[in-house]
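J.: The structure follows.
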Amino acid sequence: MNEKMIANKISGLSSKEVEERLKNGQNNKMVDENAATTSSIIRQNIFTYFNLIFAIISLLLLIAGSFKSLTFLPVIIINIIIGITQQLRSKKVLDQLNVISKSSYQVIRDGKYQSVPIDELVLDDIILLDEGRQIPADATLVDGKVAVNESLLTGEEDEIEKVIGSDLKSGSSIISGKCLAKLTAVGNDSYAAKLTQKAKEVKHKKTDMIRAIEGIIKFAGIIIIPIGITLFSQSLFLNHKTFSDSIVSTVGALIGMIPEGLYLLVTVALAVSAMKLARKKVLLHDMKSIESLARVDILCVDKTGTITANKMTVTDLILPEHVNQADLTANQEILSKYINTIPDSNITMLALREYFTSKEAFKNAEATPFSSKVKYSQIKTENTTYRLGAPDILLSQEKLAINQTKLTQYASDGKRILVLVEMTKDNAVPLLFVAIRNDIRANAKEIFSFFNENDVAIKVISGDNTLTVSKIANQAGILDSENYIDASTLKTKEDIEKAALSHTIFGRVTPEQKKDLVLALKKNKYKVAMTGDGVNDILAMKEADCSIAMGSGSEAARQAAQVVLLDSDFSRMKDIVSQGRQIINNITRSATLFLYKNIFSMLLAIFSIITIFTYPLAPTQVSLISMFNIGVPAFLLSLETNTAKKNQNFLKKTILTALPASLTSFSAIACLVVFGQLFDIPQNDIGIASTYLLAIVGFLILRNVSRPLNKYKISIFITCFAGFIICCLIPPLRSLFMLNEFSNESMVLCLIFALAEVTVMRTLTFLFENVTNCLSKCRLAIQKLFAD
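The sequence shown begins at 1 in the UniProt record's numbering and counts up by one.
Structure follows, in structure tokens:
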């Protein structure tokens, strides 16, 4: 289909008609109500549930006249400002990247082709669609013929042939061929709007860490209401404290139970990572996909466009056995006409057109574009039928066996072999073999070496010849690349499941089999990432825990992926994995510090309710602990480079690490409160002693989560410890944090409890670590027993 000829007979819309449609809002801009805007980011950070709680608490403290207890407010305000600033910075970078990555389409306007961005297409536009393109809006085919994949709409991988008059649904993808289509529904009126929403449901799966953090926050948000009401009522009516004292003691408990900085820490960490990756031309459709990729056990890659560069070169033309040398020229001419007649525009066809410079095509021929389903294309002339595709698909076993030695020689060098055949009544007669080289990406060995060292297994899943794929994988440094299998021999789901676990290289894989391989790996509890650049990869990408598309790949693949490597540089995967692991590891440590305070506060609040004791800690004292034991160290630790792979359950890991410290602080302070009641120790002294005891365990757990120690972590520890000591020694700060008037007797008592705390903390930590390790070994042994 000649584009100049088309432009001559179809003029498309005029500039005036386009302008009218743009004024009437008949463009292809889809309004995403969930997209983050500046105002929505500000609202999301200010109008939160916990900020409402803090506002109510602040109001009550103002009414009670306890202004010193408002020391937590600057921290909350700073947290809000940091959250807004970082998310806005991230949004700015990502918006710039989205503009760069925005698709454009060839459109006929005023009788000639123009390149128009996807959201500036208008109703009734005539657009050119070819292989790999995603249909941007509902349309009717007006010229040409294409094969379409509607898997993103229907979930089925069947290729549907579309001819003049056929409807094209937005969100579908062109598998092969080329056509002109008239847009019949654009923007939010088209299927694309629904598709985008549906795609987001797939892409925005919540990760384990995010689910766990949201669970912690929801639990805290629910439980503080009844505890707060009970503590206040008890203090006012049972303990006969004043309204002011009741408010202060209740707020002290609630402040400790609110994980105010935890979700902010995660949001900021994800936003900063997304911004860093954006500067390296990595576009994240979903920021949380960083965590998914960091936890990956198996990375599934296609050969073309991932291991190899997105360009092919014809290296050899090979005559089949029993074909005379005199026929070489004639057969070359047939192939040259063939490639100028077929509408395909994939990289294989581009390589052939670069090699054969003649522009002569078959006349009055019927062309059937290449299909990944049958793995060949076809042209019917008046006299005969030709096909171009894989030898093992087109040739009979007899003819394949005759030429096998010759073909294996080229396949062993990692070259791809195509065959041009003439279809006879009984058989396919080979006319010419073509050897095509697909060079390994320059940094392929380096990146696969990185994954090997980081315990990520590689599976190569390709539609190409199995031996060729194996050799290329070997050249790229993929381990166990000799362990290959031809997927055409896998007939059942059970065969695919067995092969998925036992083989590394898969050749002759259909799109449906790619999806089944991913599902088989997930069924066996592996975290799976899938890379792809073509429409045939989409089904597998949708099922993977994390999907990655190449920027040079098809529009459909880029839209379906969570992560897009805009410059198609596969080495960027190292940056993504490293960023993700840094987030997981550092947030796990930081979350442990937050949970230490939250669990302790909840236990002490429940203890105070049961024993009808007044909660010993004032809000300002809790704020001091939050600052130097949790907030500052958690933020600084989140900045450290930490890329070790850890597969532990986030919630289990954080709770089990925090529990020894929480139980130690709770038991020490609960005993101190009882002791104080028995021996009439002033309430003020109990509060100061409780602050010191809480801080001592806080520094102990900070040391534990910082292991193994290095200069950076030691400097954090020293900075936070020095900050706490300064606040305890300088009179104005001591007064602000209510640490004045501490009697010598109470100080001695505090030291005795502190020594006991250190012993209890060490003992509980030792017990928890050993019991956890023992249970893990038992679980693994039981699993192995049942597996055998």
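Cβ coordinates follow ideal geometry from the N, Cα and C atoms, glycine included.
From this set, P259, L13, L678, which residue's C-alpha is nearest I630's C-alpha?
T.: It is P259 whose Cα lies nearest to the Cα of I630.
J.: Between which residues of its own chain and K645 is the CB-CB distance below 7 angstroms, once the five residues before and five after are set aside?
T.: Closer than 7 angstroms at Cβ, skipping near neighbours: N454, D455, R581.
J.: Between N2 and K162, what straight-line distance do the alpha-carbon atoms span, to the nearest angstrom?
T.: Note that N2 scores 47 on pLDDT, short of 50, meaning its location in the model is unreliable and no value can be drawn from it.
J.: Nearest CA to the CA of M423: which residue from Q378, G698, I347, T38?
T.: Selected option, being the one with the closest Cα: Q378.
J.: List the whole-angstrom C-beta distance separating S15 from I108, where the pair is believed to meet the contact cut-off of C-beta under 8 angstroms.
T.: Incorrect: roughly 12 angstroms between the Cβ atoms, too far for contact.
J.: How many Å lie between R779 and N28 at the Cα?
T.: The alpha-carbon atoms of R779 and N28 are separated by roughly 55 angstroms.
J.: Return no unless some Cβ of chain D is closer than 8 angstroms to the Cβ of K178.
T.: Among the protein chains of the structure shown there is no chain D, as only one such chain exists.
J.: Given a cut-off of 8 angstroms, decide if I342 and P369 are closer than it, judged by their beta-carbon atoms.
T.: A contact, by the Cβ cut-off of 8 angstroms.
J.: Could you check whether Y105 and P136 sit closer than 8 angstroms to each other, using their CB atoms as the reference points?
T.: Yes; because the gap between Cβ atoms is below 8 angstroms, this pair is in contact.
J.: Does the beta-carbon of M747 have 16 or more other beta-carbons within 10 angstroms, so that it is buried, or is it exposed?
T.: So M747 ends up on the exposed side.
J.: Leaving aside the five residues before and after residue 793 along the sequence, list all residues of the same chain whose C-beta is less than 6 angstroms from its C-beta, in chain order.
T.: No answer is possible for residue 793: it lies beyond the span of the chain, which begins at 1 and ends at 788.
J.: For C179, which residues does DSSP report across the bridge?
T.: Answer is L129, G144, bridged to C179.
J.: Enumerate in chain order the residues of its own chain whose CB-to-CB distance from N8 is below 8 angstroms, with the five nearest sequence positions on each side excluded.
T.: For N8, the pLDDT reaches just 47, beneath the cut-off of 50, and the residue's location in the model is therefore unreliable, leaving the point undetermined.
J.: Should S638 and I587 be called a contact, given that it needs their Cβ atoms to be closer than 8 angstroms?
T.: Closer than 8 angstroms, so yes.
J.: Which one of D344, Q562, I505, K68 has the shortest CA to CA distance from D302?
T.: That would be I505, whose Cα lies nearest to the Cα of D302.
J.: Taking only three categories from DSSP, how would you classify S15?
T.: DSSP places S15 in helix when its eight states are reduced to three.
J.: Below 8 angstroms, how does it come out for the segment 736-756 and the segment 688-708: are there three or more Cβ pairs, yes or no?
T.: Yes: at least three Cβ pairs fall under 8 angstroms.
J.: Could you tell me the boundaries of the beta strand (DSSP E) in which A435 lies?
T.: Segment 428-437, the beta strand (DSSP E) holding A435.
J.: With DSSP collapsed to three states, give me the class of N27.
T.: Here N27 sits in strand by DSSP.
J.: Where DSSP assigns a beta bridge to R387, which residues make up the other side?
T.: DSSP output for R387 lists Q378, V421 as bridge partner(s).
J.: What residue range does the alpha helix (DSSP H) around G221 cover?
T.: Segment 208-233, the alpha helix (DSSP H) holding G221.
J.: T384 to E482, Cα distance in whole Å?
T.: Cα to Cα, T384 sits roughly 41 angstroms from E482.
J.: Should Y386 be labelled buried (16 or more other beta-carbon atoms within 10 Å of its own) or exposed?
T.: Its Cβ being crowded by 16 or more others within 10 Å, Y386 is buried.
J.: With three or more C-beta pairs closer than 8 angstroms as the rule, is the segment 763-774 touching the segment 658-674?
T.: Yes: at least three Cβ pairs fall under 8 angstroms.
J.: For the beta strand (DSSP E) holding K112, just list the boundary residues, first then last.
T.: Residues 112-117.
J.: Considering Cα atoms alone, identify which of A411, T38, I222, S233 is closest to D316.
T.: Considering only alpha carbons, the answer is A411.
J.: Residue ranges of each beta strand (DSSP E) run of no fewer than 3 residues wholly in the segment 250-288, ordered along the chain?
T.: You should have 282-284.
J.: Where do the N-terminal and C-terminal ends of the beta strand (DSSP E) with P369 fall, by residue?
T.: Note, P369: beta strand (DSSP E), 366-371.
J.: For the beta strand (DSSP E) containing Q106, name the first residue and the last one.
T.: Its beta strand (DSSP E) spans residues 104-109.
J.: Run the CB neighbour count on P732, radius 10 Å, all protein chains shown included, and call it buried at 16 or more, exposed below.
T.: Exposed is the call here.
J.: So what does DSSP say about R353, is it helix, strand or coil?
T.: Three-state result, R353: helix.
J.: Quick check on Q26: buried or exposed, where buried means 16 or more other Cβ atoms within 10 Å of its Cβ?
T.: Result: buried.
J.: On the DSSP bridge assignment, give the partners of R416 in chain order.
T.: R416 pairs with I436.
J.: Check whether the segment 270-278 and the segment 615-624 touch, using three or more Cβ-Cβ pairs below 8 angstroms as the test.
T.: Counting Cβ pairs under 8 angstroms, fewer than three are found: no touch.
J.: Kindly give me the distance between the Cβ atoms of I298 and A457, rounded to whole angstroms, as I take these residues to be in contact under 8 angstroms.
T.: That belief holds up - the Cβ atoms of I298 and A457 are roughly 5 angstroms apart, short of 8 angstroms.
J.: Of the residues G261, S601, I81, which one's Cα is nearest the Cα of A668?
T.: For A668, the nearest C-alpha among the options comes from S601.
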